[in-house]
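Under the working numbering, the residues of the sequence shown are numbered 65 to 290, in order. For each residue, glycine too, the CB sits at the ideal point set by N, CA and C.
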Amino acid sequence: MRDGEAVIVILIGAPGSGKGTQSRKLSMSLSMPKISTGDILRSYTLSNHPLSDKINSIIASGSLVPDDILFSVISERLSSPDCDRGFILDGYPRNIQQATFLDSVLSQRKHRLVVVEIVVPEDVLIKRIAGRFSCKSCGTIYNQYFSKPKQAGICDQCGSSEFYYRVDDKESVVMERLRAYQLQTLPLIEFYNQRNLVCKVNGDKSSDEVHEDLLSCIFDKTPKIS
Ligand SMILES: [Zn+2]
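Encoded structure:
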């Protein structure tokens with residue numbers, strides 16, 4: 065890391081933007097932990113922490129974990145030593161209330177905050193999500209627009225001809241998810257934009273190119289989007 069400076073990266077991107085893949089890549093190349101609420105909550109459900117039972121029952125009931133519980137598990141996670149040199153937040157904060165809370169946690173740290181938005185055109189997102197299918201026997205993931213099996217209807221890996229399509233990946237459902245995402249995310253981007261912290265990257269490129277662009281956004285704050 066440049067001059068030992070701690071960098072905190074908030075990664076924002078719609079479903080299908082490649083945000084999960086990119087946060088893993090960044091975590092490896094920056095040697096910084098990738099922190100997502102999903103991972104944290106999963107680790108609590110498996111531990112003997114005082115909050116574990118509560119979190120388990122909320123998840124089992126299918127409800128969303130309330131902000132106050134998220135606040136305490138996230139601030140606990142961010143206080144562990146592996147976060148001292150910085151970290152990547154994947155999928156948090158999701159709203160202004162969470163962003164304000166994060167500010168209060170981060171106010172006690174010396175760091176540089178960068179918010180990176182991976183931008184992908186809506187029609188590409190829809191194809192990425194709605195076009196996705198996987199092999200029923202080996203799980204290999206395909207996409208009817210971008211990466212079909214070499215021989216139609218036959219899995220490249222195992223030769224099976226049975227595939228699995230998720231119902232909630234249907235185009236109309238995907239559009240609804242994207243709308244909900246936009247509604248939730250625009251105010252958040254605006255919140256950080258007012259402090260000039262947002263850098264945008266074009267996510268409609270190869271995964272390696274997006275990774276390179278993310279790195280130059282994080283270090284030079286050069287937006288890689290026109
Ligand atoms: Zn297969």
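Suppose you measure from the CA of residue i to the CA of residue j; what does that come to, to the nearest Å?
i, j, result
"Asp117", "Pro130", "14 Å"
"Arg176", "Asp103", "24 Å"
"Leu105", "Val274", "28 Å"
"Phe165", "Gly217", "49 Å"
"Thr204", "Ser198", "5 Å"
"Ser290", "Thr109", "Low confidence applies to Ser290: its pLDDT is 46, below 50, so where it sits in the model is not reliable enough to give any reading."
"Glu186", "Leu278", "20 Å"
"Met65", "Leu94", "Interpretation of Met65 is limited by its pLDDT of 46, a score under 50 that renders its predicted location unreliable; the figure taken from the coordinates is listed afterwards. Straight-line Cα distance between these residues: approximately 7 Å."
"Asp154", "Ser87", "7 Å"
"Thr101", "Val179", "17 Å"
"Leu250", "Ser171", "24 Å"
"Asn112", "Ser136", "16 Å"
"Pro157", "Ser224", "41 Å"
"Leu90", "Ile152", "8 Å"
"Ile253", "Val265", "13 Å"
"Cys281", "Ser271", "15 Å"
"Gln208", "Val188", "12 Å"
"Gln309", "Val238", "In this structure the chain extends from 65 to 290, so residue 309 is not present and cannot be described."
"Ile74", "Lys269", "20 Å"
Is the closest heavy atom of ligand 1 to the C-beta of residue i under 7 Å?
i, result
"Ser201", "yes"
"Thr164", "no"
"Gln221", "yes"
"Thr204", "yes"
"Ser224", "yes"
By Cβ distance below 7 Å, which residues in the same chain neighbour residue i in space, the five residues on each side in sequence not counted?
i, result
"Tyr245", "Ala78 and Pro79"
"Arg241", "Pro79"
"Val169", "Ser139 and Leu142"
"Asp233", "Ile193, Ala194 and Arg196"
Tell me which same chain residues have a C-beta within less than 8 Å of the C-beta of residue i, skipping the five on either side of it?
i, result
"Phe255", "Ile160 and Ala163"
Which residue or residues does DSSP assign as beta-bridge partners of residue i?
i, result
"Asn307", "Residue 307 cannot be examined here, being either before or after the span of the chain that is shown, 65 to 290."
"Ile352", "The structure shown does not extend to residue 352, since the chain spans only 65 to 290, so no value can be given for it."
"Ile76", "Glu181"
"Phe227", "Cys199"
"Ser211", "Asn207"
"Val71", "Gly150 and Arg176"
Within the same chain, show all residues whose beta-carbon is closer than 6 Å to that of residue i, passing over the 5 residues directly before and after it, in chain order.
i, result
"Gly150", "Ala70, Val71, Ile72 and Met96"
"Asn120", "Thr109"
"Gln221", "Cys202 and Thr204"
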